[in-house]
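Notes follow once the structure below has been shown.
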Amino acid sequence: IQCPHCHKLTEPQQKRELNNRGVWLREGQHIDRDGNITGEARRSRIASFWMEGPAAAYQTWAQLVYKLLTAEEEYERTGSEETLKAVINTDWGLPYQSRRSLE
Numbered sequence: 001i002q003c004p005h006c007h008k009l010t011e012p013q014q015k016r017e018l019n020n021r022g023v024w025l026r027e028g029q030h031i032d033r034d035g036n037i038t039g040e041a042r043r044s045r046i047a048s049f050w051m052e053g054p055a056a057a058y059q060t061w062a063q064l065v066y067k068l069l070t071a072e073e074e075y076e077r078t079g080s081e082e083t084l085k086a087v088i089n090t091d092w093g094l095p096y097q098s099r100r101s102l103e
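Structure below.
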């Protein structure tokens with residue numbers, strides 16, 4: 001996977017180390033490459049956490065790619081977006097945009 005900021009490539013075996021070094025930020029906060037946290041943290045009585053699928057410990061990157069390709073293949077074959085939506089939302093942790101709206 002390529003970092004969207006520095007464009008450095010990350011290998012699957014680096015996932016655990018990167019997750020261990022990760023920092024949870026509250027909505028409204030940002031972190032620079034030196035680890036300095038800035039921004040006004042949103043106040044809330046609810047603790048909510050989110051991360052994208054490639055950072056999740058329970059699936060390999062190969063599994064994520066396989067599930068995505070399989071769901072895309074099903075969409076091409078049937079026109080149904082349900083499996084594709086579930087994979088992108090649940091496994092990848094990303095919002096789903098309807099393929100029909102993009103066509």
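The letter at position 56 of the sequence shown is residue 56 when you use the UniProt record's numbering, and the numbering goes up by one with no holes.
We put the beta carbon where it would ideally sit given N, CA and C, even for glycine.
With respect to the alpha helix (DSSP H) encompassing residue i, which residues constitute its N-terminal and C-terminal limits?
i, result
"residue 83", "82-86"
"residue 68", "61-78"
"residue 15", "15-21"
"residue 48", "First-last for residue 48: undefined, no H or E at that position."
"residue 102", "99-102"
Please check the pair residue i and residue j, which I expect to be a contact at CB under 8 Å, by giving their CB distance rounded to whole angstroms.
i, j, result
"residue 37", "residue 46", "With 8 Å as the limit, residue 37 and residue 46 do not qualify as a contact, their Cβ atoms being about 20 Å apart."
Tell me the DSSP secondary structure of residue i in three-state form.
i, result
"residue 90", "helix"
Please say whether residue j and residue i have beta carbons closer to each other than 9 Å?
i, j, result
"residue 61", "residue 12", "yes"
"residue 93", "residue 53", "yes"
"residue 55", "residue 18", "yes"
"residue 16", "residue 41", "no"
"residue 74", "residue 98", "no"
Within 10 Å of its beta-carbon, does residue i have 16 or more other beta-carbons around it, so buried, or fewer, so exposed?
i, result
"residue 8", "exposed"
"residue 91", "buried"
"residue 84", "buried"
"residue 87", "buried"
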